[in-house]
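Numbering follows the UniProt record's numbering, with no gaps: position 590 of the sequence shown is 590. Note that CB positions come from ideal geometry on N, CA and C, so glycine has one too. Since the model is a prediction, treat every value here as computed from it, not as a measurement. Each remark here refers to the structure printed beneath this line.
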Amino acid sequence: MGIRITTWNVNGIRNPFGYQPWRDKRTFEGMFDILEADMVIFQETKIQRKDLRDDMVLVPGWDNYWSLPKHKKGYSGVVIYTRNATCAPIRAEEGITGILTPPNTSTSFRELPAEEQIGGYPTAEQLSEADYDPATLDSEGRCVILEFPAFVLIGTYCPAERDETRTHYRTSYLRVLDARIRNLVKMGKRVVWAGDFNISREEIDTAAAQENMRKNGLDPVQWISTPARRMFNQLLVGGKVHGERDDGRERPIMWDVCRSFHEGRKGMYTCWETRVNARPGNYGSRIDYVVCSHDMKDWFSDANIQEGLMGSDHCPVYAVLKDTVVVDGVKRHMLDMVNPPGMFVNGLRKQEWTTKYMLPMSGKLIQEFDKRQSIRDMFTRKPTLLKSKSRVEETHTNGGAVDTPVTAAIADADAPMPSEEDDMNALATTVSNASANTKGAGGKRPAKALEAPTAAKRSKTTPLTTSNGLGKGQQSLKGFFSAKTSITQAPKTDQPGAEATAEELQAPATPRAPPSVEEEAAGFAARQTWGKLFSKPVAPKCEHGEPCKTMLTKKPGANCGRSFWMCARPLGPNGKQEKGTQWRCNTFIWASDWDAHAAEPG
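And the structure:
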């Protein structure tokens, strides 16, 4: 099988582990094996450098290259993983402008010696077309660039136009990125560009095309000529461009790999809005791509989307390179061209991958992870404990200790991991508990240590003292599981004054007057009022005769913060145009209107 390139916006680097099939192993190595990928580009990692963990960076058999936001927290972020067994880049950079610097240096990428550069950096004239300076454009962690002998791989998370405040940043970023790609091709280098572009190329690439046109008062020509879409189509061979092409974009140079294998295929979407549950009805958009230089379009044997793989609001998209290709009339093996020269010859490995091939941009050379690759197993005992149940069973057999800590760790192996910090805390706790359990199994743990938890609990309550000493604490582990003996004594009836007290209790009380009709009515009304306050509101029925769900308006404007009722079914393929189908109907009721209606008598 050829070299496989996979791109996926994961919406948080740990997000997929809450879904199948990723939750079974919960490792990136296992995820990449399921994806059958050799190069993996993740977007929206949403992580800061201080939150990087061993399992993300020190992935066995993989190298990785990161671009993280410089200022914003939990935002953006791109990483490219490469499988050491099949590919290894010869250069790596962060950003599209070349203004950033390699780790531990003050020299920018574009100022490095020519033999160390990837090249193609935007010129001063090209940068002047942007409304933002290069440092700002590359401050959000949106691009990683790797160079292989065969091609330059550009992995990006392009800005989306959420509101008008981001319009100029988005167009500026795309202009500079377009210039970088064209400059690289002009240098004679091939380019593979993959990632979340946040652009639907044509009407066939988004279910909301007609609705967006109607909403914004655009005709099809105006819609496809919006700045980002027009720029993208001018880059692609076969892209729809109306009117004269822009200066500097006269020639299309890139090829839409995935669309070329599925021409005319409708519903080939890669992103769905989670808020409206649009994925079941496939009401989405194709905004994730793998595109390549036009002169290497025949290098690919397959490309597709993987809409069945859950874990994000996007799905993975892949493209597979052929095992052998013809370059300048000579048949070449792909493995020879995606590794440093001499590592593979005619598809056969001649040199093993070692750490000397790691580039300065490698995540494994980040200060927190450097020099720990060979000794990290000393600090990761949790996987060893979890892999083999026989280790746990042997502990029970030899020592007969209670199997609380280790067994609990095994039982929780499939539980969700909310955050990176929680994951590391859990690791430390499990290792600590496992060590304590092993000591107890060997019979070397002091008896007082076993009694400590019980004593701590009792200190919070009033101590009970008896003549036989039952309140002095646990004397053995067996006693911990035995039922406690009741020490409450029955009151003696022969105490002085006991009979008098009984007579007083049995004396007839003064009868209370029965409540009036008005009092009963008032009490009933009060109960009804309180019941309405604390009971769940009755939902109206939609056109399907099913209870609606309540939503909250978050769009800025006069109605922001208002609640409303709507059909609970998922959005259909035609969006709001669905009528009389199994998908979401057009039922819409303001919560305030429904409350007033429900309050009416009868």
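When N586, T581, T45 are compared against G311, the one with the closest alpha-carbon: T45
Burial state of G342, where buried means 16 or more other Cβ atoms lie within 10 Å: exposed
Is it buried or exposed, K364, if we count other Cβ atoms within 10 angstroms and call 16 or more buried? buried
If you reduce the DSSP assignment to three classes, tell me which class T27 lands in. coil
Quick one: is A92 buried, meaning 16 or more other Cβ sit within 10 Å of its Cβ, or exposed? buried
Which residues in the same chain as S108 place their Cβ atom closer than 7 Å to its Cβ, once the five residues preceding and following it in sequence are excluded? G98, I99, L100, T101
Counted within 10 angstroms of its Cβ, other Cβ atoms place A303 as buried (16 or more) or exposed: buried
Inspect the CB distances between the region 50–67 and the region 325–335 and report whether three or more fall short of 8 Å. no
Residues in its own chain within less than 7 Å of V325 by CB, not counting five upstream and five downstream? W299, R332, M334
Does the distance from the C-beta atom of D256 to that of N9 stay below 7 Å? no
For C292 and V192, what's the separation of their Cα atoms in angstroms? 4 Å
Would you decide whether D593 is buried or exposed? Buried here means 16 or more other CB atoms lie within 10 Å of its CB. exposed
Between which two residues does the alpha helix (DSSP H) carrying V221 extend? 220–224
Check each candidate in I47, P16, D133 and name the one with the smallest Cα separation from I34. P16
Taking the runs of the beta strand (DSSP E) that are 3 residues or longer, which of them lie wholly in the region 128–200? 143–147, 152–157, 191–196
Quick check: the region 338–357 against the region 20–28, are at least 3 beta-carbon pairs closer than 8 Å? no
Let me check understanding here. Comparing Cα to Cα, which of L309, S301, R259, D247 lies closest to W272? L309
Drop a sphere of 10 angstroms on the beta-carbon of R569, count the other beta-carbons inside from all chains shown, and report buried for 16 or more, exposed for fewer. buried
Can you tell me where the alpha helix (DSSP H) holding E211 begins and where it ends? 209–216
Mapping DSSP to helix, strand and coil, what is W62? strand
If we ignore side chains and look at the alpha-carbon of each, how far apart do K240 and N233 end up? 6 Å
Under 7 Å between C-beta atoms of D288 and V317: yes
Output the distance between the C-alpha atoms of F148 and I305, rounded to the nearest integer angstrom. 25 Å
Alpha-carbon to alpha-carbon, N559 and M187: 54 Å
Opposite W8 in the DSSP bridges: which residues? F42
Given this structure, state the Cα-to-Cα distance separating C336 from M361, to the nearest angstrom. The amino acid at residue 336 is misidentified as Cys; the sequence shows Asp. Cα to Cα, the separation comes out at about 22 Å.
Measure the C-alpha to C-alpha separation of M1 and T86 and round it to an integer number of angstroms. 11 Å
Taking the CB atoms as reference points, tell me whether V144 and Y65 lie closer together than 7 Å. yes
Label D63 either buried or exposed according to how many other C-beta atoms from any shown protein chain fall within 10 Å of its C-beta, with 16 as the threshold for buried. buried
Is S172 buried or exposed, if buried means 16 or more other CB atoms sit within 10 Å of its CB? buried
Have a look at M296 and A150 and give me their C-alpha separation to the nearest angstrom. 10 Å
Neighbour-count burial assignment, residue 680, 16 or more Cβ in a 10 Å radius: No information on residue 680 is available, as it lies outside the stretch 1 to 602 that the chain covers here.
Roughly how many angstroms lie between the CA atoms of G561 and G523, to the nearest whole one? 35 Å
7 Å Cβ cutoff met for D160 and T7: The displayed chain sequence assigns Ala, not Asp, to residue 160. Contact flag unset, no.
On the CB-based measure, 16 or more other CB atoms within 10 Å of its CB, does L68 come out buried or exposed? buried
T355, DSSP secondary structure in three states: helix
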